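**Q** Attaching a single structure in structure tokens format; questions to follow.
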Amino acid sequence: MSQHFKETPQNAITESKIARVIPCKELDVGDPIKWLSLGLRDFFRTPGLSVFYGVIFAIIPWTIAYLVQLTGWHLVILPAIVCFMLIGPFLAAGLYDVSWELEKGHKPSLRHSLRAITRNAVNEWGFGLMLMILMIFWLRVASLIHALYPQYLDPTLENLLPFLALGTVVGAGFTMLVFFISAFTQPILMERKVDIATAVLTSVNAVWVNKVPMFIWGGIIFTSVALGFVTGFVGFIFLMPLIGYASWHAYIDAIEIKRERKYE
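For reference, each letter of the sequence shown is one residue, going 1207 to 1470 in my numbering.
Take a look at the structure:
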């Protein structure tokens, strides 16, 4: 299946004094479904690697849930979900590598995928640090929201609703911010020798220019995370590798390249 060229739209960020911005392509509304289809193909072509990474992704929210149960601080559930979505793009580097290897006609290996983070190490670890700072900042905001809850009130739905609503609004804002800066940053840093500012600005630009298809894609990611939690984290074993592979194909479709690329 060939990745066809698409019309290059007027980019949202035309000039930046911080870094250059790699031009993006115009996406179609139906592209997210195509990315899922290609991601599913990658999953079944590498079942062992896919399950390995899926189990890792399942362990992370299980640990979060265990800590929530251990501390009894149930208001941490919402920020924990957001934290999971913050860390996810960074941990998906290995999955991107698997799809990249398949695209090049190579046989993916665990060792090769685990070394993916070292290809542009300084900037990739800088990106990870950026996500960690955002995560810590969100946890501090969540702690502040929790501190506003009067201790003398019973933890009923009626009493919790205002604080849950506030947490939802703030969490949605953080999630949107992270989606803009991380949608394509990691694969850009993996494949191209660019600095973190270039990768982040390119990601923001591509999401902004393609708001409708990227909004759909963001909804698919959020739904997958929600399904993973509903299934007691077991669903992450399948869903997170699928989303990781599909995200690589989203990157190939969205960011301008020097020559046509093919995926057989």
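Virtual Cβ for every residue (Gly too), placed ideally from N, Cα, C.
Model, not experiment: these values are computed from the prediction.
Could you tell me whether the stretch 1337-1352 touches the stretch 1298-1308, using the rule of 3 or more Cβ pairs below 8 angstroms?
**A** no
**Q** Taking 8 angstroms as the cut-off, does the stretch 1429-1440 touch the stretch 1249-1262 (at least 3 CB pairs, one atom from each stretch)?
**A** No, the stretch 1249-1262 does not touch the stretch 1429-1440.
**Q** What are the residues that DSSP puts in a beta bridge with residue 1461?
**A** 1230
**Q** Tell me whether residue 1272 is buried or exposed, calling it buried when 16 or more other Cβ atoms sit within 10 Å of its Cβ.
**A** In summary, residue 1272 is exposed, with fewer than 16 beta-carbon neighbours lying within 10 Å of its beta-carbon over all protein chains present.
**Q** Out of 1377, 1440 and 1424, state which residue places its alpha-carbon closest to the alpha-carbon of residue 1449.
**A** Ranking 1377, 1440 and 1424 by Cα distance to residue 1449 puts 1424 first.
**Q** So, at 6 angstroms on beta carbons, what are the nonlocal neighbours of residue 1319 in its own chain, with the 5 sequence-adjacent residues on each side left out?
**A** Its chain contains 1300, 1303 and 1304 as the residues whose beta carbon lies nearer than 6 angstroms to that of residue 1319, once the 5 sequence neighbours on both sides are disregarded; these appear in chain order.
**Q** Looking only at C-alpha atoms, which of 1388, 1397 and 1412 sits nearest to residue 1219?
**A** 1412
**Q** Mapping the DSSP letters down to three states, classify residue 1398 as helix, strand or coil.
**A** coil
**Q** If you check the beta carbons only, do residue 1263 and residue 1442 fall under 8 angstroms apart?
**A** yes
**Q** Take the Cβ of residue 1382 as the centre, count every other Cβ of all protein chains shown within 10 Å, and call the residue buried at 16 or more, exposed below.
**A** The residue is exposed, with fewer than 16 neighbouring Cβ atoms inside 10 Å.
**Q** Just to check my reading of the structure: residue 1401 and residue 1231 have Cβ atoms closer than 8 angstroms, yes? What is that Cβ distance to the nearest angstrom?
**A** Actually they are not in contact, since the Cβ atoms of residue 1401 and residue 1231 sit about 22 angstroms apart, beyond 8 angstroms.
**Q** Is residue 1325 helix, strand or coil when you go by DSSP?
**A** coil
**Q** Using the Cα positions of residue 1254 and residue 1367, report the straight-line distance between them to the nearest angstrom.
**A** Rounded to the nearest whole angstrom, the CA to CA distance from residue 1254 to residue 1367 is 43 angstroms.
**Q** Can you name the start and end residues of the alpha helix (DSSP H) that residue 1417 belongs to?
**A** For residue 1417, the enclosing alpha helix (DSSP H) has its first and last residue at 1417-1436.
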